[in-house]
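Everything on this sheet refers to the single structure shown next.
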Amino acid sequence: MTSRSAAVHETCPAVGIVAAQLGVTPAVWDVYATRAETRREHLQELLARLRMAQFGRQHYRVLIESLLPPVIAL
């Protein structure tokens, strides 16, 4: 199997599969999430369902606190 970038205005086959499952045409993908609020709302729903959180300041601090000591020890 070869990999390649999609051409401009080319629809990924997965979009057609998902569209069929939702009972819509693949063309709706072009207008999906043109509202910034839609993207944010759907991201929040997905994160909640997966019990995940966006990487934020508290995550950054934990990451730095865990990575800094080994780096300093070098």
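In my numbering, the protein residues as written are 1286 to 1359. Even glycine gets a Cβ: it sits at the ideal position worked out from N, Cα and C.
In terms of Cβ geometry, A1318 and R1325 do not form a close pair [threshold 7 Å]. For the pair P1298 and A1304, the CB atoms are not nearer than the 7 Å cut-off. For S1290, no alpha helix (DSSP H) run applies, since DSSP gives it neither H nor E. H1294 and P1354 have their C-alpha atoms some 48 Å from each other.
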